[in-house]
């Protein structure tokens, strides 16, 4: 019973809490507009481009912002079959929950195809220089640059919820993770029950 309780607390319950939080953010979105930072498009020199041709890069790592505060930004993200994202730049570490999985093709900043992968489950990446480093054992055949685009090469609509953990490099160790912040209001539920009661 103790093993089942531990598995429930560490895997299933945080996912349920995350989904409740994201649903409440989605519903609240219609009430007021979400203000956000650093999303505007700019034209500049993209490293790695042949002949240093300019490209347009934006900070839209999802379709639209559901929630944002000083610690986290939560995105709704959809791609129809055959649809591509803009060339975008990741400025924060992030995780996403693929609600409707599909096969995604990833393109580098010069437009070259890097690889494709099955986007499913919960995946995360942290910024490491000009690249995104997979978190939690995900292995990809090619490094993912911070500036990239993706295309839905599957047969069905792709839908994910993506959350970015904002950070200040000088104080990142002192800030809570997005998951900690989302679960914090519900932690009292864990404290009220001993392992034997669950």
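Numbering (mature numbering (1 follows the signal peptide of the UniProt record, and there is no 0)), first residue to last: -33 to -1, 1 to 165.
All residues carry an ideal CB built from backbone N, CA and C; glycine is no exception.
All of these numbers come straight from a predicted model, not from anything done at the bench.
Restricting attention to 94, 71, 62, 54, the CA atom closest to the CA of residue 77 is found in 54. Counting other Cβ atoms within 10 Å of its Cβ, residue 65 reaches 16 or more and is therefore classed as buried.
If you compare the alpha carbons of 51, 45, 33, 70 with that of residue 115, the shortest gap goes to 51. DSSP, reduced to helix, strand and coil, places residue 52 outside both helices and strands of the structure shown, so it counts as coil. A straight-line Cα-Cα distance of about 4 Å links residue 63 and residue 129. DSSP places residue 71 within a strand segment (E or B) once states are collapsed to three.
Under the criterion of beta carbons closer than 8 Å, residue 86 and residue 127 qualify as touching, at roughly 7 Å.
The beta carbon of residue 80 is closer than 7 Å to those of 72, 74 in its chain, skipping five residues each way along the sequence. Scanning 40, 96, 124 for the CA closest to the CA of residue 111 turns up 96. For residue 105, the closest C-alpha among the options 57, 113, 91 is that of 91.
Counting the other Cβ atoms within 10 Å of the Cβ of residue 131 gives 16 or more, which makes it buried. Proximity to residue 58 across 83, 39, 113, 67 peaks at 113, based on C-alpha coordinates. Distances from the CA of residue 61 to each of 31, 33, 40 were compared; the closest alpha carbon is that of 40. Distance check between residue 133 and each of 31, 37, 47 places 37 closest, using alpha-carbon atoms only. DSSP, reduced to helix, strand and coil, places residue 116 within a strand of the structure shown. Residue pairing by DSSP places residue 98 opposite 95, 112 in a beta bridge. When the Cα atoms are used, residue 47 and residue 31 turn out to be separated by approximately 15 Å.
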